[in-house]
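Here the protein sequences come in this chain order: A and B.
Heads up: the first sequence begins at 427 in the working numbering, then just goes up one per residue.
Heads up: the second sequence begins at -6 in the working numbering, then just goes up one per residue.
In what follows, a structure is listed as structure tokens, so that the remarks can point back to it.
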Amino acid sequence: MRRFLVAAVFSLLAITQFAGGAFAAEQKPGRDGDITVVQALDMISFDPIATSDLNNQYVLYNIYSRLFTFPKNRLSGDVKELCKDFKRVSDSEWHFTIWENVKYHDGTTLTVDDVVYSLNRAKAGTALGALFKPVKEIKKVDNKTLAIITDGPYPAMTSALTHAATCIVPKSFAEKAEKTKDWSKPVGSGRYKFVSRMIGDSVKFERFDGYFNKNEAAQNKSLTIKVIPEGTNRTIAIETGAADLNAEFTPTDYARVMKNPKLKLWDQPSALVWHLGMDNTLGWFKNNKVRQAVGFAVDHEGCMKVGHDGRGVVLYNSATFAHAPTVLGAIQNPLNKYSHNLQKAKALMQEANCPGFTTQLVVFRDEAERIATAVQAYLSEINIKVEIVRIENAVFPAHIAGHKAPMFVTSWGCYWDPDMFLSRRFSKDGIGGVNRVWYQNPELDKLIAEGRSTFDEAKRVGVYKRVQEFLAEESPEVDLYVTKVYALSNDKLKDVEMTVEKPFNYYKLHY
Amino acid sequence: MEATASAKPFTTKKEFYAQFKKKSVTHELWLRFLKNKTAVIGLVIFCIILAVAVAAPWITSYDDVVVKMNIAERLQPPGAAHWLGTDELGRDILARIVYGARVSLLIGFSAIIVSLMVGLVLGGTAGYYGGKIDSLIMRGMDVFLCLPDVLLALAIIAAFGNTKVNLTIAIGLAFSPKFSRVVRSAVMGVRDNEYIEAARSIGALDKRIIASHVLPNCIGPIIVQVTLYVANAILTIAALSFIGLGIQPPTPEWGNMLASGRTYMRDFPHIVLAPGMAIFFTILALNLLGDGLRDTLDPRLKH
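Encoded structure:
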């Protein structure tokens, strides 16, 4: 009996040790690894123009190629991918030459016609429509070259061509997919071929050996992107070896992870702006005094502590500008207007003759739900009663489109060039896309147009300062803070690269 | 007759006459219940939880302690200032547990009252009349019994929204097929008794017979089921709140406390331990109480 007990205790200890510390399976070194990346939300569609959702974009980058991809921190210029060379023929005309003999996963060849078709499709869609507004025409010049003609200077042109909506799809495939509304088996010219997708669970890819740039081909045999909504479970997946990279590490596990020598935490200053959006066309939110009152009532620091364990930089912006230098001309608190000031918030509510009201706050992520709970408490002080509604990320655009999100908490992955997001987020062109606050103002439209009218950076910084000051008064949304971007891996995984939004270039991951 | 060796001799006249005095049924049942130690433990725990829930406004302040955020005090371990620590928003966990008891018990009992009403009407009718009416009602109930309780409640909440009233009705309706079955079988057990025949023979209407003679004689098994299903209803509320479809924050409810605390579970286990234990003890108390009542009310276990 005693022997049995001793054996049982030792077996239990062995199991605990194995489950708690050791990795489930040893990965093969070199280029034959099977890499699993975990993220919080599921992708939405393989149609590049269907959505601007960040999680969706980082899945699409693996299957499709674009003319340009972005650099690590988006500060050092855009990186050519399908584009072999380009030149600005005039202030309003650009020529792009593409690589020859680029193959799709089905063996067919990528043509300039496909590129022109894909870009025109992106221009017509809501995800990128506003970004391509200055674009008058996209046309084929010859079998290797296409021309993009704009209505004036467009400094953000190459940045716009890094957007996931500009992913190149075979014309014949896309036309068929559009007709049948079936994008479930995508064909692209990217580093990975699509294998399978289980909705809500995972997407599987395998290396495409026919990728046109052999020097930049995938360094692993297969890639699985798995959805684990709960932050701690994503950490556990790395601890136990169930996944190789947690692309969205939640800082609530920071202290624990730092103590574990078998784990490696990757971080990078980000341009991910967590903000409190308001539908500017609904009820009291039509009144900018009430919107300003919300900005004063909410403690941004408190929201950052609750949402991301205090790891980030507080913002008092209303234009989704992350802090400098990640965004050109960004100001953390334009006009030094905002702070957590309950008296001021109450005075503004009184000025607006607003006695208080009941509204809904829509969220679709854990961090957002925590922030929402804090916002709910802060707004109750100025008699705004908030009901928190949690939805799926896939239905968020429908909630926005149907004016069913009077308030929402979410993040926005900012770009270095403000022209990449200003018109999309705060003008008529972005409605139906990412103008989730339904804000539009001709005065702001003029400023946005002025910002893109020159290639002179100093002049543009001046215009964007005025934009931020204008929006601070208008307060279409309340920007709360910019968090750091974190990713977690085991200590053996190599070549993890981060952008200002999240880890990317999964094709480089290897052991 | 000779007195047996174990018989206790009478020392006073009062004791002598007491043996001829008829004890009330309730008193007899109470004495039988008290003999069941685990049931008494269940009753005591439940009474404590109930007392805490009722006295909540006198124990702590809802606006200043239960829902008011205090970021500086967030994630405090249990200590003198906060006996069960604080949560991720710096709110006192004990205060939230106390108010959470009000929500859980109120909705739990209200939901069971709803299902009892439905069950009494449908089960009583099916059991009393039998035949085609019975088949029609019970096959309908069988269809609903195929669906898990949570799923049925979820469908109702998804369709009508997650207010407290809707939540109560949803859980009540989800549990009503089970009650219908219990009531039906109890009614079938008494419907052919002589006193029912007697009532019929003097021309009493069916609804009067069901209400005045049938149901009062079925009350035993129904009470037992009520206590057991209140426990299930509380678990269902917690489950719905855990997945975000039950009680909405900042209102404290044990399920939504578990949900918001699960992110911090590994480093601050007290956040989930407290609501977890609250659910555990409430369910344990109700189950012990239910089992005890069943033993007490079952005539076969009288001796």
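Note that beta-carbon positions come from the ideal geometry of N, C-alpha and C, so glycine has one too.
* Inter-residue spacing [alpha-carbon to alpha-carbon] between Glu604 of chain A and Leu554 of chain A -> Residue numbering aside, residue 604 of chain A sits at position 178 when the first sequence is read from its first letter. Residue numbering aside, residue 554 of chain A sits at position 128 when the first sequence is read from its first letter. Computed Cα separation, rounded: 18 Å.
* Just to confirm, are Asp504 of chain A and Thr592 of chain A a CB contact at a threshold of 8 Å? -> The count along the first sequence starts at 1 and reaches residue 504 of chain A at position 78. The count along the first sequence starts at 1 and reaches residue 592 of chain A at position 166. With contacts defined by Cβ atoms closer than 8 Å, Asp504 of chain A and Thr592 of chain A do not form a contacting pair.
* To do: Please report how far the alpha carbon of Glu563 of chain A lies from the alpha carbon of Phe711 of chain A, in whole angstroms.
  => Taking the first sequence and counting its residues from 1, one reaches residue 563 of chain A at position 137. Taking the first sequence and counting its residues from 1, one reaches residue 711 of chain A at position 285. Near 38 Å, if we compare the C-alpha coordinates of Phe711 of chain A and Glu563 of chain A.
* Check the Cβ-Cβ distances between Gly237 of chain B and every residue of chain A, and say whether any is below 8 Å. => By one-based count along the second sequence, residue 237 of chain B stands at place 244. By this cut-off, Gly237 of chain B is an interface position.
* Contacts of Arg814 of chain A in chain B (Cβ-Cβ under 8 Å) -> Locating residue 814 of chain A in the first sequence gives position 388, counting from the first residue. One point to set straight first is that residue 814 of chain A is Ile, not Arg, in the sequence displayed. Within 8 Å of the CB of Ile814 of chain A, the CB atoms of chain B belong to Gln241 and Pro242, in sequence order along the chain.
* To do: Mind checking the region 259 to 271 of chain B against chain A and listing, in chain order, the residues whose C-beta falls within less than 8 Å of any C-beta there?
  => Of all residues in the region 259 to 271 of chain B, only Arg259 and Asp260 place a beta-carbon less than 8 Å from a beta-carbon of chain A.
* Asked: Would you report the Cα separation of Leu768 of chain A and Val542 of chain A, rounded to the nearest angstrom?
  -> Here the question's residue 768 of chain A lines up with position 342 in the first sequence. Here the question's residue 542 of chain A lines up with position 116 in the first sequence. Going from the Cα of Leu768 of chain A to the Cα of Val542 of chain A covers about 53 Å.
* Asked: Hey, is the region 905 to 924 of chain A in contact with the region 689 to 703 of chain A, meaning 3+ C-beta pairs nearer than 8 Å?
  -> Counting Cβ pairs under 8 Å, three or more are found: they touch.
* Asked: With 16 as the cutoff for other CB atoms within 10 Å, does Ala800 of chain A come out buried or exposed?
  -> Residue 800 of chain A sits at position 374 when you count from the first residue of the first sequence. Taking a 10 Å sphere around the C-beta of Ala800 of chain A, we find 16 or more other C-beta atoms and assign the residue as buried.
* Can you tell me the Cα-Cα spacing of Gly133 of chain B and Val96 of chain B, whole angstroms? -> Position 140 of the second sequence holds residue 133 of chain B. Position 103 of the second sequence holds residue 96 of chain B. Their backbone Cα atoms lie some 31 Å apart in a straight line.
* Residue nearest to Gly858 of chain A in terms of C-alpha spacing, selected from A:Ala913, A:Glu674 and A:Ala827 -> By one-based count along the first sequence, residue 858 of chain A stands at place 432. Measuring from the Cα of Gly858 of chain A, the nearest candidate turns out to be A:Ala827.
* Asked: In three-state terms, what does DSSP make of Ala913 of chain A?
  -> As a working note, residue 913 of chain A is residue 487 in the first sequence. In the three-state DSSP reduction, Ala913 of chain A falls in the strand class (E or B).
* Any residues in the region 704 to 735 of chain A with a beta carbon nearer than 7 Å to a beta carbon of chain B? Which ones, in chain order? -> Hits within the stretch, in order: Gly728, Lys731 and Val732.
* To do: Show which residues of chain A have a CB atom less than 8 Å away from the CB atom of Glu81 of chain B.
  => Taking the first residue of the second sequence as position 1, residue 81 of chain B is located at position 88. Those within 8 Å of Glu81 of chain B in chain A are Val732 and Arg796.
* Note down the Cα distance separating Pro243 of chain B from Lys549 of chain A, rounded to an integer number of angstroms. => Reading the second sequence from its first residue, position 250 is the one you call residue 243 of chain B. Reading the first sequence from its first residue, position 123 is the one you call residue 549 of chain A. Counting only the Cα atoms, Lys549 of chain A lies some 44 Å from Pro243 of chain B.
* Assess, as a yes-or-no matter, whether the region 674 to 688 of chain A is touched by the region 837 to 855 of chain A under the definition of 3 or more beta carbon pairs within less than 8 Å. => Flag = no, the region 837 to 855 of chain A and the region 674 to 688 of chain A do not touch.
* Asked: What first and last residue would you give for the alpha helix (DSSP H) that runs through Gln769 of chain A?
  -> For the purposes of this step, residue 769 of chain A is taken as the residue at position 343 of the first sequence. Leu768 to Glu777 is the extent of the alpha helix (DSSP H) around Gln769 of chain A.
* To do: Check the Cβ-Cβ distances between Thr256 of chain B and every residue of chain C, and say whether any is below 8 Å.
  => Of the chains in the structure shown, none is chain C; the protein chains are A and B.
* State the start and end residues of the unbroken beta strand (DSSP E) segment that holds Leu77 of chain B. => By one-based count along the second sequence, residue 77 of chain B stands at place 84. No residue range can be given for Leu77 of chain B, since it is assigned to no beta strand (DSSP E) and is classified by DSSP as neither H nor E.
* Whole-Å CB distance - Leu702 of chain A paired with Val720 of chain A, under 8 Å assumed -> Within the first sequence, residue 702 of chain A is the residue found at index 276, counting from 1. Within the first sequence, residue 720 of chain A is the residue found at index 294, counting from 1. Confirmed, Cβ separation roughly 7 Å.
* Relative to the C-alpha of Leu754 of chain A, which residue among A:Glu818, A:Pro868, A:Glu656 and A:Gly888 is closest? -> Residue 754 of chain A sits at position 328 when you count from the first residue of the first sequence. Checking every option, the nearest Cα to that of Leu754 of chain A belongs to A:Gly888.
* For the alpha helix (DSSP H) that contains His749 of chain A, what are its first and last residues? -> Position 323 of the first sequence holds residue 749 of chain A. Looking at the DSSP string, His749 of chain A is not in any alpha helix (DSSP H), and its letter there is neither H nor E.
* **Element boundaries [beta strand (DSSP E), containing Gln694 of chain A]** => Here residue 694 of chain A is taken as the residue at index 268 of the first sequence, counted from 1. Gln694 of chain A -> beta strand (DSSP E) spans Leu689 to Met704.
* What does Met62 of chain B reach in chain A if we use C-beta pairs closer than 7 Å? -> The residue given as residue 62 of chain B occupies position 69 in the second sequence. What Met62 of chain B touches in chain A, judged by beta-carbon distance under 7 Å, is Ala800 and Ala803, going in chain order.
* Sorted by chain position, which residues of the same chain lie with C-beta nearer than 7 Å to Ile34 of chain B's C-beta, five sequence neighbours on each side aside? -> Taking the second sequence and counting its residues from 1, one reaches residue 34 of chain B at position 41. The answer, listed in chain order, is Leu281.
* Range covered by the beta strand (DSSP E) that runs through Ile651 of chain A -> In the first sequence, residue 651 of chain A corresponds to position 225, counting from 1. Ser648 to Val653 is the span of the beta strand (DSSP E), which, as asked, contains Ile651 of chain A.
* Asked: What whole-angstrom Cβ distance do Ala167 of chain B and Asp142 of chain B have, given they're in contact under 8 Å?
  -> Walking along the second sequence from the start, residue 167 of chain B turns up at place 174. Walking along the second sequence from the start, residue 142 of chain B turns up at place 149. Between Asp142 of chain B and Ala167 of chain B the Cβ distance is about 5 Å, and since that is below 8 Å, they are a contact.
* Asked: Is the region 810 to 819 of chain A close to the region 782 to 798 of chain A, with three or more CB pairs under 8 Å?
  -> Enough Cβ pairs lie closer than 8 Å, so yes.
* To do: May I have the straight-line CA-CA distance separating Gly614 of chain A from Pro823 of chain A, to the nearest angstrom?
  => Translated into positions along the first sequence, residue 614 of chain A becomes position 188. Translated into positions along the first sequence, residue 823 of chain A becomes position 397. When only Cα atoms are considered, Gly614 of chain A and Pro823 of chain A end up about 26 Å apart.
* To do: Helix, strand or coil for Thr19 of chain B, going by three-state DSSP, please let me know.
  => For this step, residue 19 of chain B is matched to residue 26 along the second sequence. If DSSP states are grouped into helix, strand and coil, Thr19 of chain B belongs with the helices.
* To do: Using the DSSP secondary-structure output, state which residues sit across from Gly738 of chain A in a beta bridge.
  => Locating residue 738 of chain A in the first sequence gives position 312, counting from the first residue. Its beta-bridge partners are A:Thr909.
* For chain B, find out if any of its Cβ atoms is closer than 8 Å to the Cβ of Arg660 of chain A; answer yes or no. => Translated into positions along the first sequence, residue 660 of chain A becomes position 234. Cβ-Cβ to chain B under 8 Å: no for Arg660 of chain A.
* Residue-chain proximity (Glu(-5) of chain B, chain A), Cβ-Cβ < 8 Å -> To locate residue -5 of chain B, count along the second sequence from 1; it is residue 2. Reliability of the predicted coordinates at Glu(-5) of chain B is poor, the pLDDT of 46 falling under 50, and no value is obtained from them.
* With 8 Å as the threshold, decide whether the Cβ of Arg67 of chain B is near any Cβ in chain A. => As a working note, residue 67 of chain B is residue 74 in the second sequence. Yes, because at least one Cβ of chain A sits closer than 8 Å to the Cβ of Arg67 of chain B.
* Asked: If you measure from the beta carbon of Thr678 of chain A to each beta carbon in chain B, is any gap under 8 Å?
  -> Here residue 678 of chain A refers to the residue found at position 252 of the first sequence. Chain B contact via Cβ: present.
* To do: From the DSSP output, in three-state form, read off Phe449 of chain A for me.
  => Counted from its first residue, the first sequence places residue 449 of chain A at position 23. Here the model assigns Phe449 of chain A a pLDDT of 47, short of 50, so the residue's position is not dependable and the matter cannot be decided.
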